[in-house]
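Reading through the structure tokens given below for one structure.
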Amino acid sequence: MEAEGRDLMRERVAIGSAGFLKSARKFVGRVTIEQPARRFLTERISFERIVEVVEEAKEEPWERFHSRYGDWGRPLALYLARKRSGLTLREIGEKAGGMEYKAVSTAVQRFAKRLESDRLLRRIVKQCSGNANG
């Protein structure tokens, strides 16, 4: 690894127990232009919690909508998991019911593109993002 790459990784990696990472987050504060790597220490949210939040937003259980064609519930969960869980595409796919990582990637990209023009969906994403923290 080049020296520049090592320097970038040094600012983004915190190795230790869950307790250590929790205490390290207290010192992170706000992400600023001067310290953009701080965002890597923001709290991660489990896929299970993300599914709960999406279920609340849709007012129906995951089992009912996760494989429904054209439904925004599963893509929303995949999108939030990619942004907030720290899981890999492969791990997200496994947790979402056995999806291939390429299918997860495609779904996340399509959902992000849809957000550009769908104001209601953007509002739902914002609501779910806030609820996932709590």
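Per our numbering, the sequence shown starts with residue 31, numbered consecutively.
For every residue, glycine included, the Cβ atom is placed at its ideal position computed from N, Cα and C.
Since I believe Val83 is in contact with Trp92 (beta carbons under 8 Å), could you give me their beta-carbon distance rounded to a whole number of angstroms?
Rounded, the Cβ-Cβ distance is 11 Å, inconsistent with contact.
Are the Cβ atoms of Ala133 and Ala107 separated by less than 9 Å?
no
Return yes when the Cβ of Tyr99 is within less than 9 Å of the Cβ of Ala137, no when it is not.
no
How far does the alpha helix (DSSP H) with Pro105 in it extend, from its first residue to its last?
Where Pro105 is concerned, the enclosing alpha helix (DSSP H) starts and stops at 103-114.
Please list, in chain order, all residues of the same chain as Val85 whose beta carbon is under 7 Å from its beta carbon, the five residues on each side excluded.
The sequence given here places Glu at residue 85; Val does not occur at that position. Setting aside the 5 residues that flank it on each side, Glu85 is surrounded in the same chain by Pro91, Trp92, each with a C-beta closer than 7 Å to its C-beta; the list follows chain order.
Helix, strand or coil: which one does DSSP assign to Arg140?
helix
Own chain, CB closer than 7 Å to Arg152, minus 5 neighbours either side, in chain order:
Hits under 7 Å: Leu145.
Gly127 by DSSP, collapsed to three states: which one?
coil
So, at 6 Å on beta carbons, what are the nonlocal neighbours of Arg104 in its own chain, with the 5 sequence-adjacent residues on each side left out?
So the list reads His96, once near-sequence residues are dropped.
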